[in-house]
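Have a look at the structure below, then the notes.
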Amino acid sequence: MDRRHFLGQSTAALGLLAGFSGQAKANLQKAEILVIGGGYGGATAAKYLRLFSNNTAKVTLIEPNASFVSCPLSNLVVGGSRSLADITSPYDNLSKRHGVKIIQDSVTGIDPDKKTVKLASGKTLPYDKVIVSPGVSLLMNSIEGLTQANKAGVTLQAWKAGAETVALHKQLAAIRDGGTYAISIPEAPYRCPPGPYERACQVASYFKQNKPKSKVLILDANQDVVSKGTLFKKVWAEQYPGMVEYLPKHNVTAVDAKTKTIKFEIQDDIKADVLNLLPAMSAGEIAVKTGLANSNGRWVNVNFINFESTAQKDIHVLGDSIQVAYAMPKSGHMANQHAKVAAAAIVAELSGWEVNPSPVLTNTCYSFVNAKEVVHVASVHQYIAEEKTFKPVPGSGGVSPGPTTLEGVYAWGWAHNIWADTLG
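Heads up, our numbering is the position in the sequence shown plus 645, with the first residue counted as 1.
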C-alpha cells in the first residue's frame, strides 16, 4: 500500500465528516477522549480522531514510552542488518501538527462506572470515550520455568520491539560458530502470524554470513506454518539448506534455565544455545484487568462496526487485543485500519450522525527472508452488516510468487508510508 492509498482513504473520510453543525462541534469540544497505547492502533486513532473532527475533538494519548518503535521490521534488528534507530519514530508530530495531548505514563486501571482512567503517577482522568490499544500480554506461566529463565537472562522474547530486540541480536553474536538458536511458536492466535518464521529467516541469514556451522530450530506448536507456509519452506530449503530445521506439533511446556533445556508435551527434550521462547499470548494487561477480555479470558470481543467492547459501553478496543474476525490477522497494518474505523465511528456517534454501515479494511504484511528479499501477503476485509463481522473479499489480496529485492523496496516504502500515516 502506498502513500496515495493511505491519503485517499483519509481524504474520503474527511470529506464525509467535514460538514459540522454548531451543535455537533459543541458536543465534540466537550467530550474527553482518551487513547491508551501509542502503537499502530492507538497513535493512528489519536491522530484520526483529530482529523475526522476537523481538529475539534479533545484527544489525549497515554503512552509510557518516549518514542514509537515498530514491531514490523524489528526482525531486521535481530538479524543485524538494521538498527533500532531505523525503526524508531518520535511522537512529536501528533502534538505539534495535530493537537493531540500526550501523557507519558502507564494506565493502571479503568473504572467504567465512574468513566475514569487511573495512571501510574496517581492521577485520575475522566473520559466520555476511551480507546484501548495495549497490544498483547505474554502469558509467561504457560511455559513452566520461563519467568525464572527470563530473569536469569537465559531466555528472551523480543516480541515487543525495543531493548530485548537488541539483546537478542547480541546473544546471537556471542554464540560459537556451530551453536543452535531455537525459537518456539505458540498455538495461534498470537501477535503477527508470519513474524516467528521471518525471525527464523533473519537469524539464518545472520548465521549464513557470520556463523555458517550454526543451526536454526523452529519449534512450532501449530500443525504447520501459520502464514506464507509454502514460501517460507521454499526459502529454508533453497537459501538455508541444512541450517533451518522446522518441527511442527512441538508445544513447549517447560524450560530449564540452568541446562538450557526445552521440554515438550510429547517429544524428547532439546537443548540450544540461544532460547527465543514465545509463550501463549492474550490481550494487553489493562484490557484483561478491566474485565474486557470476555473471549476465553484472553481476547476482547468487539462490535466490529465501531470496535466498541461488548463488555463495556464507550470503551473501544483495537489491534492485537481483540478477538479477530475470520481470517483477520493480528498485525500492525490491521491495527492502523481498526483505528480509522473506530475514530470515524466515535466522531459520528458524538456528533449524532449515522456510523458508516459498511467499512472496509486492508492488510499487507511483508516478511524479509534475508536482508533484502521479501515476500508478502495482502487481504481486503468488508464489513457484512447482516453477520455483524468482517469477511475477506473474495479474490482480493494474495501472496507473493517468491521473494524478490523489489519487494524489499516496497516493504520499506510501506513502512515509511504507514509510519507517516500513523505519526506524521
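Every residue, glycine too, gets a C-beta built ideally from N, C-alpha and C.
None of these values were measured; they are calculated from a predicted model.
{"query": "Every unbroken beta strand (DSSP E) inside the region 900-945 [3 residues or more]", "result": "906-909, 919-922 and 926-928"}
{"query": "Beta carbon of lysine 774 nearer than 9 Å to that of isoleucine 681", "result": "no"}
{"query": "Given proline 1037 as reference, the closest of Asn1008, Tyr891 and Ser1045 once Cα atoms are compared", "result": "Asn1008"}
{"query": "Touch test, the region 1011-1025 against the region 1052-1065, Cβ-Cβ under 8 Å, three pairs minimum", "result": "yes"}
{"query": "Inter-residue spacing [alpha-carbon to alpha-carbon] between aspartate 647 and serine 751", "result": "Here the model assigns aspartate 647 a pLDDT of 46, short of 50, so the residue's position is not dependable, and the following value carries that caveat. Rounded to the nearest angstrom, the two C-alpha atoms are 33 Å apart."}
{"query": "Residue range of the alpha helix (DSSP H) that includes valine 992", "result": "977-996"}
{"query": "Aspartate 1074 versus asparagine 786 - alpha carbon distance", "result": "The question about residue 1074 has no answer, for the chain in this structure spans 646 to 1069."}
{"query": "Coarse secondary structure for isoleucine 820, derived from DSSP in three states", "result": "coil"}
{"query": "CB of glycine 964 within 9 Å of CB of methionine 979, strictly", "result": "yes"}
{"query": "Alpha helix (DSSP H) segment containing phenylalanine 697, residue limits", "result": "685-697"}
{"query": "Nearest candidate by alpha-carbon position, reference aspartate 756, set Gly1042, Val992, Gln957 and Ile1063", "result": "Gln957"}
{"query": "C-alpha distance - lysine 878 paired with alanine 849, whole-angstrom precision", "result": "13 Å"}
{"query": "Cα-Cα separation between glycine 664 and alanine 690, rounded to whole angstroms", "result": "At glycine 664, the pLDDT of 48 sits below 50, so the modelled position is not reliable; the number obtained from the coordinates is stated separately. Answer to the nearest angstrom: the Cα atoms are 20 Å apart."}
{"query": "DSSP state of glutamine 1027 mapped onto helix, strand, coil", "result": "strand"}
{"query": "Buried versus exposed, by CB contacts within 10 Å (16 or more), leucine 652", "result": "With a pLDDT of 38 at leucine 652, under the threshold of 50, the modelled position of this residue cannot be trusted; read the value that follows with caution. It is exposed - the Cβ of leucine 652 has fewer than 16 other Cβ atoms within 10 Å."}
{"query": "Element boundaries [alpha helix (DSSP H), containing proline 841]", "result": "840-855"}
{"query": "Local conformation of threonine 875 per DSSP, three classes", "result": "helix"}
{"query": "Residues near proline 709 in its chain [Cβ-Cβ closer than 7 Å; skip 5 each side]", "result": "Gln749, Asp750 and Ser751"}
{"query": "Neighbourhood of proline 831 by C-beta, 7 Å cutoff - its chain only, sequence neighbours within 5 removed", "result": "Ala866, Leu923, Pro924, Ala925 and Met926"}
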